[in-house]
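Chains as they are written, first to last, in our numbering: chain A, 120 to 434; chain B, 397 to 680.
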């Protein structure tokens, strides 16, 4: 309700500005630019500028261990990266992690949101506990799950049926990835469920009641009323989480350090730059990582026809 | 089916759901706490199971060991200092920007919002190479400042989005009333809006602090000593050469210590955090 009023007030205000009170609107424009300038500059200083520098450095062979041997080589670094199986293997691992984790988070997060929407008692307790995984440091979550899956000190092998007590989860790729994804899903599902809960709150109760009176079953109400009406919220949640999952790094660093082919594309880039000081090829990887995030974002936006401006009520 | 029976069935479902949520959220936390009480010898010899067993308990000794560790103590101070400074600066700047976005008409508003959104989604790792190089050149590698700057840049988008969503809900008629009474745009901002906006600003500050506290990529890439190394980085380097045989219970104690500030914030400000997390994402 308040938002409607605020928007009307805003719209009315906007109309007034178009009238010939140009002095006021010009001073407003100037004030706004002053307020925005510093934050904008700071955001660009640490992103756009280094990114351009990465673009530049990616055209050289440049190693910090031998900085004087810097030599212009054109796009050779990109050719090297893109023809190396490692790059594609790591991209594949990253994409698998992204798809699996977001799918699980969406389903579990939605179930959690439904429960939280219905619950009338102990709301505070539920919301407090759901925020704890969100707040826990990713590194800590990684440790907790690594030790939980450990065959010497963990409890997962004990608790899971069909799995021997000495099964080593970190001995090969698929089981390592399961452990990594468990940590990732555990930590980020609460965030997903809170976004979905906010979307759920917007589904009109009248509409649900009407569907119920018309004899719709629970599943029909879910598919025909609830889900279509919270489409925007779901899409925003998926987009945000998918792009976040695509840059997965912390959990892999802590849990496997990239062993057994569990390296993500972020981890590969980090390894080249910080561990091996190969700034040339590392910069090329940085640029490729950035571009691949853009591609993922583009695919999701096109595939699901997300309209961010609509969803976030921006105009 | 009689109404009460369906109601009962629904209630049972909700109760089970709540139980599952609580288990989901708290089990791993309980696990890491339990692990922190296993003795180091029993961990080295292998002590599977959820709870310390067979005399493998350690009491508080792991906590005492961790807190006596100089590097860990330094990293706590670093994390608190860096996160707080970055939060205060970032939220101050974001408040100004969000006011402009929510209230003023100006060219380039879309550009600011889009930039913020793109940066929020930026693959952080792709920046560490160039930043590593730049920071070493200008001499802020391995300093607090070297972490505060990137933390600010990456928390500004979150803070700007959250705050501008909050600011749109404020009863702006009051600002107009002040302007009718002769206040300038700036006075109206300072005297009328700031008090109304304080809760939103506070929420943005908590979320910003969470981000800075959680950061790992910058923490390991832009520091090399305990001079500026934050907690997550210190924890991950708190190991011997073998990544598969870590001092698990000691690490668990460190992890619990690192989680306490977050839990305290969550306990006190649960309502605000939920409002802030969803404010920017879905209209409410």
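Heads up, the beta-carbon is just placed ideally off N, CA and C, and yes, glycines get one too.
N-terminal and C-terminal residue of the alpha helix (DSSP H) that residue i is part of
i	result
residue 524/B	521-534
residue 241/A	Element bounds for residue 241/A: n/a, residue is neither H nor E.
residue 437/B	436-441
residue 170/A	167-176
residue 487/B	466-499
residue 539/B	Unbroken run through residue 539/B: none, as it is neither H nor E.
residue 413/A	398-423
residue 197/A	195-202
residue 333/A	Counting along the chain, residue 333/A falls outside any alpha helix (DSSP H), and DSSP gives it neither H nor E.
residue 370/A	369-374
Residue i in three-state terms, based on DSSP
i	result
residue 453/B	strand
residue 632/B	helix
residue 607/B	helix
residue 681/B	Given a span of 397 to 680 for chain B in the structure shown, any question on residue 681/B remains unanswerable.
residue 612/B	coil
residue 190/A	strand
residue 391/A	helix
residue 179/A	strand
residue 133/A	Unreliable positioning characterises residue 133/A in this predicted model, as indicated by a pLDDT of 43, which lies under 50. The coordinate reading is nonetheless provided below. Helix at residue 133/A.
residue 321/A	coil
residue 364/A	helix
residue 564/B	coil
residue 503/B	coil
residue 349/A	coil
residue 625/B	coil
residue 314/A	helix
residue 444/B	coil
residue 433/B	coil
residue 620/B	coil
residue 642/B	coil
residue 381/A	coil
residue 654/B	helix
Chain A within 8 Å of residue i, Cβ atoms only
i	result
residue 610/B	yes
residue 570/B	no
residue 576/B	no
residue 435/B	no
residue 526/B	yes
residue 480/B	no
residue 673/B	yes
residue 492/B	yes
residue 496/B	yes
residue 520/B	yes
Chain B contact for residue i (CB, 8 Å cutoff)
i	result
residue 347/A	no
residue 206/A	no
residue 166/A	yes
residue 102/A	Only positions 120 to 434 of chain A appear in this structure, which leaves residue 102/A out of reach.
residue 328/A	no
residue 248/A	yes
residue 267/A	yes
residue 172/A	yes
residue 333/A	no
residue 228/A	no
residue 201/A	no
residue 292/A	no
Supposed close pair residue i, residue j - CB separation, criterion 8 Å
i	j	result
residue 563/B	residue 494/B	6 Å
residue 168/A	residue 399/A	Going by Cβ atoms, the distance from residue 168/A to residue 399/A rounds to 19 Å, so no, they are not a contact pair.
residue 525/B	residue 173/A	6 Å
residue 367/A	residue 318/A	The pair is not a contact, with the Cβ atoms about 25 Å apart (cut-off 8 Å).
residue 388/A	residue 521/B	5 Å
Ordered list of alpha helix (DSSP H) runs contained in the region 229-292 of chain A, each at least 4 residues: The region 229-292 of chain A contains these whole alpha helix (DSSP H) runs: 242-254, 257-268, 275-278.
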